[in-house]
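Here is the structure:
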């Protein structure tokens, strides 16, 4: 699924960035570009970050 339409970034790419250590939307934007432009995808990025935390049910 596309997360960031501005930059054509998929959820897989965002998940890879999170697994590589990105822990904020700003860090994800720096790592892969998602959320770096208009910002409409930041809520989705936050949901991916939340789901990736240990003990989350995501």
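In the working numbering, the protein residues as written are 3 to 60.
Glycine included, every Cβ here is placed at the ideal spot set by N, Cα and C.
Fair warning: this is a prediction, and the values are worked out from it, not measured in the lab.
Residue state for residue 8 is assigned as coil, using DSSP reduced to three classes.
With respect to the 8 Å criterion, residue 36 and residue 5 are classified as neighbours on the basis of their beta carbons. Note on residue 40: under 16 other CB atoms within 10 angstroms of its CB, so exposed under the neighbour-count rule. Your pair residue 34 and residue 19 checks out as a contact, with CB atoms roughly 5 Å apart and the cut at 8 Å. Judged by their CB atoms, residue 11 and residue 27 are not nearer to each other than the 8 Å cut-off.
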